[in-house]
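To start, the structure under review is shown below, and the notes come after it.
Protein chains: 2
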Amino acid sequence: MTTIHDVAKLAGVAPITVSRVINRSGYFSPETRDRVENAIRELGYVPNTLARSLRSKRTNTLALILTDITNPFFTTLARGVEDTASDAGFTVIFCNTDESESEEAKYLQVLMQKQVDGFLLVPAQSRPGSIHQIRQHGEPVVVLDRRVPDAEVDVVRCDSEEGAYKLTRLLISLGHRQIAVLSGPPTVSTAADRVAGCRRAMQEAGLPLDESHILYGEYTQASGYMLARKALELYPRPTAMFAANNFINIGALRAIQETGLEVPEDVALVGFDDLPPGMLMFPFFTVAAQPAYEMGRQATLLLLERLSGGADSPFREVILPAEIIIRHSSGDPIG
Amino acid sequence: MTTIHDVAKLAGVAPITVSRVINRSGYFSPETRDRVENAIRELGYVPNTLARSLRSKRTNTLALILTDITNPFFTTLARGVEDTASDAGFTVIFCNTDESESEEAKYLQVLMQKQVDGFLLVPAQSRPGSIHQIRQHGEPVVVLDRRVPDAEVDVVRCDSEEGAYKLTRLLISLGHRQIAVLSGPPTVSTAADRVAGCRRAMQEAGLPLDESHILYGEYTQASGYMLARKALELYPRPTAMFAANNFINIGALRAIQETGLEVPEDVALVGFDDLPPGMLMFPFFTVAAQPAYEMGRQATLLLLERLSGGADSPFREVILPAEIIIRHSSGDPIG
DNA sequence: CTGTTAGCGCGTTCAG
DNA sequence: CTGAACGCGCTAACAG
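Listed in order, the protein sequences are those of chains A and B.
First residue of the first sequence: -4, per our numbering; consecutive thereafter.
First residue of the second sequence: -4, per our numbering; consecutive thereafter.
This is the structure:
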């Protein structure tokens, strides 16, 4: 391995001069710069970030901890993070917890050891433990996508309650009275908020949401399938369903169609999260689309701001609106 | 920030003793271990991996450079890598090049600076430059998914030629004579190999593949759409199409259906890469499924082997078979 | 079983 | 504009 010393020797200067040329810091004459740069090229020298970071206490690395990398919502969000961080000269380490708190804890440990400069966290559960742990180590965190009660922390998320409210109002305006809600884990804030939004719309319309019509599961396609099967057994059978995320939505569609029913003719279906154009054959679902890329971008900007001096400003909560996209799955007015 | 010295002082031992307890290296009595571990807990001490790696020359980190993280084939492959590396105590840094050689070069630079222990590389183009660059720095590489001509290197890939051959034979056995090939970039080995497999099957059947029926594009849904549109304008119109990957497949399906034609009744469609169960509403495509997870796993094992002493054994090429899964899109025997 | 010494590769500090 | 000395936090090598 060639070091800064080898370069210095070949260029006939002191190591620190090489350092200055590499980092464009301090002063150096054009000639020494050329000599140094030639030596670097000749030796194929690559600076050792480890040593640099050990000294400078900055790794220029951010950690992005999320719950499901196979979900296109998170993939898009991750791109927003990556692009923004990359523009600022930061590297991003991605970690996947599969909604497990113990996985989250394990990654936290590893990442703190790696001295990452800051954390972008989609919390596996709505508890502030991880946030405290990071804080104790003195590093900034921005929470993404979800609320964490009782935690003083920056948050960038989408307005789940409002999005669910609007989708449910749409269903009501189309004449639906029996609506089933296929939700995610009640411990995850987005799932809770989306149920709350549905409930508000129903109550406003004087149609109190029967508790038996709120079904909790997980944010997976398999769970969506199961929840929809259950919903179809309710009496009277729901004429519409609200799916709390994209995977639940797909699973529900499959369950409904397998039963011999049609969407939207027999059962209208709306849900959270849009699917990328390449993923389904036709844009079909009426959805509340979250600005995933923008969420990633804004969270990263906030974190970078904290890193460059803004450590003490008050915590911020950025809430972006969901966009309602009406397609086929919500159907025409009924009854 | 608390260091190993703080822990040592509190525990009343030397720093090296703390190091030994943390790393379970060397000898220490149960009592000193307890004293050290208590001190660690009390101080909330987190070891600094940077310093450790600087000294030990190992980061326990692998780099996985791939071309499209939104493609489920690569997502699955990445999971295979992550799981295997994690079991061995290694962290993985994921990087996305979007098939761009300059992005690849940029990442290489950053990762070498970070002193990752080894590289898993899906080369953006079929040129050996990146591999030489890594080698020059003295680190092991395993190439994934694609061949790189003129490079002495470990490779783990799927038998694209054979998979394409089998799919094409299937089409021929169903009575198809006019087959269009919707391929990826000719510079990418998988695309070239899949075209070669199609050609072999056609020639064997005495049906030489007309060059006008081989269309090159990119491994994207948009490109698949365009290629299929072009293919539909050929005369005589192809009765079947072969798509060189999953995204091309989806794009082609959309193009065919938009033209008012049905798959498989009017045009049969087969392609490379299976889609995960959650992604499409019904398993529909007849495909050559690559063992993506297993490819990631084997490549990682190979790399880890190189890292633990096996640096000098001869280069290996692991070629895994694709599995032909017959579903609806290939249709019944025709005329 | 435990400790001392030294140095990994770099950049901060201060002195020319 | 350039350089020498020192130390970041940790562990290899060598005592004892």
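Glycine included, C-beta positions come from ideal geometry on N, C-alpha and C.
Going along chain A, which residues have a C-beta under 8 Å from B/Ser48?
Chain A residues near B/Ser48: Leu45.
State the Cα-Cα distance for the pair B/Thr234 and B/Met107, rounded to the nearest angstrom.
The alpha-carbon atoms of B/Thr234 and B/Met107 are separated by roughly 50 Å.
Output yes if chain A places a C-beta closer than 8 Å to the C-beta of B/His132; else output no.
At least one chain A Cβ lies under 8 Å of B/His132.
For the segment 80 to 107 of chain A, which residues have a beta carbon sitting closer than 7 Å to at least one beta carbon of chain B?
Within the segment 80 to 107 of chain A, the residues whose Cβ lies closer than 7 Å to some Cβ of chain B are Thr86, Ile88, Phe89, Val105, Met107, listed in chain order.
Among residues of its own chain, excluding the 5 on either side of A/Leu229, which ones have a beta-carbon nearer than 7 Å to its beta-carbon?
Same-chain partners within the cutoff: Ala175, Ser207, His208.
Output needed for B/Ser178: all residues of its chain with C-beta closer than 6 Å, excluding positions within five of it in sequence on either side, in chain order.
So the qualifying residues of the chain are Ala186, Val190, Tyr211, Ala239.
On a Cα-Cα basis, can you pick out the residue from A/Ser81, A/Arg172, A/Ala119 that is closest to A/Val262?
Among A/Ser81, A/Arg172, A/Ala119, the Cα nearest to that of A/Val262 belongs to A/Arg172.
What does the Cβ neighbour count give for A/Met(-4), buried or exposed, with the cut at 16 atoms within 10 Å?
Burial call: exposed.
Less than 7 Å between C-beta atoms, sequence neighbours within five positions excluded: which residues of the same chain meet that for A/Ala217?
These residues qualify, in order along the chain: Gly246.
Provide the residue span of the beta strand (DSSP E) that contains A/Glu318, from first to last.
Note, A/Glu318: beta strand (DSSP E), 318 to 320.
Taking three-plus beta-carbon pairs below 8 Å as touching, is the segment 96 to 107 of chain A in contact with the segment 14 to 25 of chain A?
The segment 96 to 107 of chain A vs the segment 14 to 25 of chain A: no contact.
Give me the Cα-Cα distance between A/Asn55 and A/Val105, rounded to the nearest whole angstrom.
Cα to Cα, A/Asn55 sits roughly 16 Å from A/Val105.
Using three-state DSSP, classify B/Phe69 as helix, strand or coil.
In this structure, B/Phe69 counts as helix in the three-state DSSP scheme.
Just how far apart, CA to CA, sit B/Gln252 and A/Ala294?
Their Cα atoms are separated by approximately 40 Å.
Starting from the Cα of B/Asp93, find the closest Cα among B/Ala80, B/Gln120, B/Ala73 and give me that residue.
Nearest C-alpha to B/Asp93: B/Gln120.
If the cut is a Cβ gap below 8 Å, which residues of chain B does A/Lys109 touch?
Within chain B, the residues near A/Lys109 are Thr44, Leu45, Thr86.
Nearest-angstrom Cα distance between B/Tyr220 and B/Ala250?
Looking at the two C-alpha atoms, the distance is approximately 5 Å.
Helix, strand or coil for B/Val313 per DSSP?
Here B/Val313 sits in strand by DSSP.
State the DSSP-derived secondary structure class of B/Gly124, mapped to helix, strand or coil.
The answer is helix: DSSP assigns B/Gly124 an H, G or I state.
Determine the burial state of A/Asp149: buried for a count of at least 16 other Cβ atoms within 10 Å of its Cβ, exposed for fewer.
Classification of A/Asp149: buried, given that the 10 Å Cβ count is 16 or more.
Which residues does DSSP list as the beta-bridge partners of B/Phe237?
In DSSP, B/Phe237 forms a bridge with B/Val176, B/Val265.
Using a C-beta cutoff of 8 Å, does A/Thr65 count as contacting chain B?
Yes, contact with chain B.
Quick check: is the beta carbon of B/Val41 nearer than 8 Å to any beta carbon in chain A?
Judged by the 8 Å Cβ criterion, B/Val41 is in contact with chain A.
Here's a check: name, in chain order, each residue in its chain whose Cβ is nearer than 8 Å to the Cβ of A/Gly158, leaving out the five neighbours to either side.
Hits under 8 Å: Arg189, Gly192, Phe267, Ala283, Gln285, Pro316, Ala317, Ile319.
If contacts are defined as beta-carbon pairs under 8 Å, then A/Val117 and A/Val137 qualify, I think. What distance do you get, rounded to the angstrom?
Going by Cβ atoms, the distance from A/Val117 to A/Val137 rounds to 10 Å, so no, they are not a contact pair.
Closest by CA to B/Ser51, which one among B/Ser14, B/Ala73, B/Ser168?
Of B/Ser14, B/Ala73, B/Ser168, the residue nearest in Cα terms is B/Ser14.
Is there a C-beta anywhere in chain B that falls below 8 Å from the one on A/Met(-4)?
True, the Cβ-Cβ gap to chain B drops below 8 Å.
Does the beta-carbon distance from A/Leu139 to B/Leu45 come in below 8 Å?
No, these two residues do not count as a Cβ contact at 8 Å.
Go through the segment 135 to 176 of chain A residue by residue and report every complete run of the beta strand (DSSP E) that reaches 3 residues or more, in order.
Correct list: 136 to 139, 149 to 153.
What in chain B is Cβ-close to A/Thr70, meaning under 9 Å?
Those within 9 Å of A/Thr70 in chain B are Ile64, Thr65, Thr70.
Does DSSP classify A/Tyr230 as helix, strand or coil?
In this structure, A/Tyr230 counts as coil in the three-state DSSP scheme.
What first and last residue would you give for the beta strand (DSSP E) that runs through A/Asn91?
It spans 86 to 91 - the beta strand (DSSP E) in which A/Asn91 sits, taken as one unbroken run.
Taking C-beta to C-beta, are B/Leu297 and B/Arg311 nearer than 8 Å?
Against a cut-off of 8 Å, the Cβ pair of B/Arg311 and B/Leu297 comes out as a contact.
Taking the alpha helix (DSSP H) that A/Gly291 falls in, what are its first and last residues?
A/Gly291 -> alpha helix (DSSP H) spans 287 to 302.
Distance, Cα to Cα, A/Gln110 vs B/Leu49?
Spanning the two alpha carbons is a distance of roughly 13 Å.
If you follow the beta strand (DSSP E) that A/Ile11 is in, where does it begin and where does it stop?
Premise fails: A/Ile11 lies in the alpha helix (DSSP H), 10 to 18, not in any beta strand (DSSP E).
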